[in-house]
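These notes concern the structure reproduced below.
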Amino acid sequence: MNILIAGGTGLIGTALEKQFRQGGHQVWILSRQKSQRDNYIFWQPDQERIELDTDSKIDTVINLAGESIADHRWNKTVKKSIWASRIQATKLLAATILTMKHQPKLFLSSSAIGIYGNTGETIFDEHSLAGSDFLAKLALAWEHAAKTTDSSSIRSVQLRTGVVLSPKGGVLARMLLPFKLGLGGPFSHGNQYMSCISLHEIVNAIEFIIQTESIKGPVNLVAPEAITNRQFTNTLASSLNRPAFFTIPAIIARLAFGEMADALLLSSSRVKPQVLIDHGYQFIDKDLRQALEKLL
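Be aware that the sequence shown starts at 9, since it is given in the working numbering, and climbs by one per residue.
Structural data, given as structure tokens:
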């Protein structure tokens, strides 16, 4: 299979490229940086520039492009950049796909479970309504940009990704040092839900989606059971043989992270991967402890 990955140098993209190559597939990477590597293709979404030959034979396109939402404290400029990095890239990629002589069979495009907003205690699945905060509006616009291919014969899937767990990057990597020092603990009361998925699980789930032609539309990429922030921090601390005594009050989180604290740390995200379950996907990680033991 010939696979094109936009955002292929990030945490998920790197893991996918490795897995696909081990499976004997040809992989090309869309990159904003010029490279001497034969499989790298240069593009500049903000300039609507992409050096992809429209005669190329690509079977699957995977769009993971978009800057991190947690690298900087949010303000108008940062939020505008976060928005543009996703919407511009997705629009350009979708438009390019439609002009290709040999159109791909499948277009997988990133989204996020932030589309549901603050779920509270309620369990949300792919049929649930979207929220109204910044991340929900961002995810809606992101998916809308990808759906411009819907009128074609291309199968389109929106990957609503949860908190990806890996010691190589993301939330878990940032939490390891304070937890190893015994300084970890929950945010606020710790009762807010987190919907996580390990890096190896998300790679396997994406492979399953590629192979399962009946899967279309939004797919939640999370573990079957969400956990509370307190459960997560206690399990992580236990896995590292460390205590989790410290609680970070909501007011401190807001002072440190601003609006981002409510969106990423204090709100609840209780999401179920109903589409994967309905299509018979067998999860590798049965619970958080098992996932962390593999990762750490």
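Ideal Cβ positions, reconstructed from N, Cα and C, are used throughout, including at glycine.
Counting C-beta atoms within 10 angstroms of its own C-beta, residue 83 has fewer than 16 neighbours from the protein chains shown and is therefore classed as exposed.
DSSP places residue 168 in the uninterrupted beta strand (DSSP E) bounded by 163 to 169. For residue 68, the enclosing beta strand (DSSP E) starts and ends at 68 to 71. A buried status is given to residue 280, since no fewer than 16 other beta-carbon atoms sit within 10 Å of its beta-carbon. By the 16-neighbour rule on beta-carbons within 10 angstroms, residue 237 is buried. Here residue 284 is actually not in contact with residue 231; their C-beta atoms are around 10 Å apart, not less than 8 Å. Leaving aside the five residues that flank residue 175 on each side, the residues in its chain whose CB is nearer than 8 Å to its CB run, in chain order, 181, 184, 303, 304.
Distances from the CA of residue 278 to each of 218, 191, 167, 125 were compared; the closest alpha carbon is that of 125.
Where residue 191 is concerned, there is no enclosing beta strand (DSSP E), because DSSP gives it neither an H nor an E. The segment 259 to 267 makes no contact with the segment 105 to 114, as fewer than three CB pairs between them are under 8 Å. For the 8 Å CB-CB criterion, residue 203 and residue 171 form a contact.
Non-local C-beta neighbours of residue 254 in its own chain, meaning closer than 8 Å and more than five positions away in sequence, comprise 191, 192, 193, ordered along the chain.
In this structure the segment 69 to 89 touches the segment 17 to 27; the number of beta carbon pairs closer than 8 Å is three or more. In this chain, the beta strand (DSSP E) harbouring residue 14 covers 10 to 14. In the same chain as residue 290, and ignoring 5 residues on each side of it, no C-beta atom comes closer than 6 Å to its own. When C-alpha distances from residue 252 are compared across 14, 34, 189, the shortest belongs to 189.
By DSSP's assignment, residue 50 forms a beta bridge with 39. Under DSSP, residue 236 shares a beta bridge with 201.
For the set 271, 250, 152, 224, the Cα lying nearest the Cα of residue 201 is the one of 271. Of the other Cβ atoms in all chains shown, 16 or more fall within 10 Å of the Cβ of residue 122; this residue is therefore buried. Here the alpha carbon of residue 62 sits roughly 38 Å from the alpha carbon of residue 292. Note on residue 209: 16 or more other CB atoms within 10 angstroms of its CB, so buried under the neighbour-count rule. The beta carbons of residue 50 and residue 39 sit about 6 Å from each other, so the pair counts as a contact at 8 Å.
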